[in-house]
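A short write-up of the structure that comes next.
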Amino acid sequence: MKSVLITGANRGLGLGMVKYITKQNTAHKIIATCRNVSEELKTLAVENKNLVILNLDLKNTSSFDEVSSAVSKIVGSQGLNLLINNAGVTTKFTKIGFLKTEQLMDNLIVNTIAPIMLTKSLVPVLKQAADANNNEPMGAQRAAVINLSSILGSIAQNDQGGFYPYRCSKAALNAATKSMSIDLKKENILVASMHPGWVRTDMGGKNAPLDVETSVSGMLNTIYKLGEGDTGKFLNYDGTELPW
Ligand SMILES: NC(=O)c1ccc[n+]([C@@H]2O[C@H](COP(=O)([O-])OP(=O)(O)OC[C@H]3O[C@@H](n4cnc5c(N)ncnc54)[C@H](OP(=O)(O)O)[C@@H]3O)[C@@H](O)[C@H]2O)c1
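In the working numbering, each residue carries its 1-based index in the sequence shown increased by 16.
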């Protein structure tokens, strides 16, 4: 893989992915976007010259075309091989009686609208990579978009209720994954939704069973193996298929 862009790369799973990719040396260019640069990410960029940090607040959707131009300059004529829409937010468990409009809006803008609109802005550079690598089969070696979803976005597996803002935003993201996979197939861009497992990050909390390294290595090794038959799927971090 020549290039990868990861959103929300300053902490949690995004930072874990940057660490894993730099350690495994599996990308020529890593573009880490975040709205608050962490010391850990800064240090990684000093140690790895192929790591570029771009400032990006995902609520600022009007900046996405500018970000796309910056990405284009970084990746050049080879385009962008892999976009990982990782950044996300959640609200605490919300029963219907306690729900607030702002919680729904906040989760929708970051978890659904931003990944859709960022992907839209980056389609030209993804298409460039798909065309530049037309000797490769469909997948991350050519061009792919991975949307970090959640099992809480699965309608089929919802037997607990609640979590309206988060569940709705991730179910809507899954719907977008499906449409993107159909619309971008002719451009040879693979699109899939992925659940990272329940992971010990700020979002997942201390009681989560998985550590960041296990989730990230599972996700990235799954992503590297995806092929044409996987576009439009909802996958667990270990590669097993999940119900919508
Ligand atoms: N951890 C789990 O158990 C779990 C389970 C299922 C799905 N997921 C999904 O996995 C992804 C990563 O989760 P995580 O556990 O790593 O969460 P996390 O530790 O809470 O990190 C969230 C990341 O998203 C970024 N972010 C939030 N709002 C943003 C905005 N407006 N603009 C730019 N960046 C923004 C944060 O940046 P700041 O530091 O600037 O806030 C941070 O980098 C999310 O999409 C999440 O829904 C996680």
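Each residue gets a CB set at the ideal place from its N, CA and C atoms; glycine is no exception.
Fill in: Spatially closest choice to C50 from N76, A191, T42 and E63, by CA coordinates
N76
Worksheet item: Residues in its own chain within less than 7 Å of G155 by CB, not counting five upstream and five downstream?
Response: L206, L242 and G243
Discussion item. Helix, strand or coil for E203? Go by DSSP, reduced to three states.
Written reply: helix
Worksheet item: Smallest Cα separation from L29: which of Y240, L251, M235 and P259?
Response: M235
Practice prompt. Return yes when at least one heavy atom of ligand 1 lies under 7 Å from the C-beta of V215, else no.
Written response: yes
Worksheet entry | P131, buried or exposed, once every other Cβ within 10 Å from all chains shown has been counted against 16 | buried
Worksheet item: Shortest alpha-carbon distance to S185 belongs to which of T128, M219 and V105?
Response: T128
Worksheet item: Can you check whether the CB of Q144 is closer than 8 Å to the CB of S93?
Response: yes
Item to complete: Look at the Cβ atom of I100, then the Cβ atom of M33, and state whether they are nearer than 8 Å.
Response: yes
Discussion item. Please state the DSSP three-state secondary structure of S209.
Written reply: strand
Worksheet item: Among N190, K222 and L200, which residue has its Cα nearest to the Cα of S209?
Response: N190
Worksheet item: Based on the DSSP secondary-structure assignment, which residues constitute the bridge partners of I129?
Response: Bridge partners of I129: none, in fact.
Item to complete: Return the first residue and the last residue of the alpha helix (DSSP H) that A86 is part of.
Response: F80 to V91
Discussion item. Nearer than 7 Å: is that true of the beta carbon of T106 relative to any heavy atom of ligand 1?
Written reply: yes
Fill in: Through-space distance from Y182 to I198, alpha-carbon basis
25 Å
Discussion item. Measuring only the C-alpha atoms, how far is S137 from I171?
Written reply: 29 Å
Worksheet item: Sorry if obvious, but does the Cβ on K143 come closer than 7 Å to a heavy atom of ligand 1?
Response: no
Worksheet item: Looking only at its own chain, which residues have a Cβ that is under 7 Å from the Cβ of T38, when we skip the five neighbours before and after it?
Response: I46, L60, N64 and L67
Worksheet item: Is any heavy atom in ligand 1 found nearer than 7 Å to the beta carbon of K35?
Response: no
Worksheet item: Which value, in whole angstroms, describes the spacing of the CA atoms of A160 and N223?
Response: 32 Å
Practice prompt. For my contact list, G24 and G95 are in at a C-beta cut-off of 8 Å; report their separation, rounded to the angstrom.
Written response: No, G24 and G95 are not in contact; Cβ-Cβ is about 22 Å, not under 8 Å.
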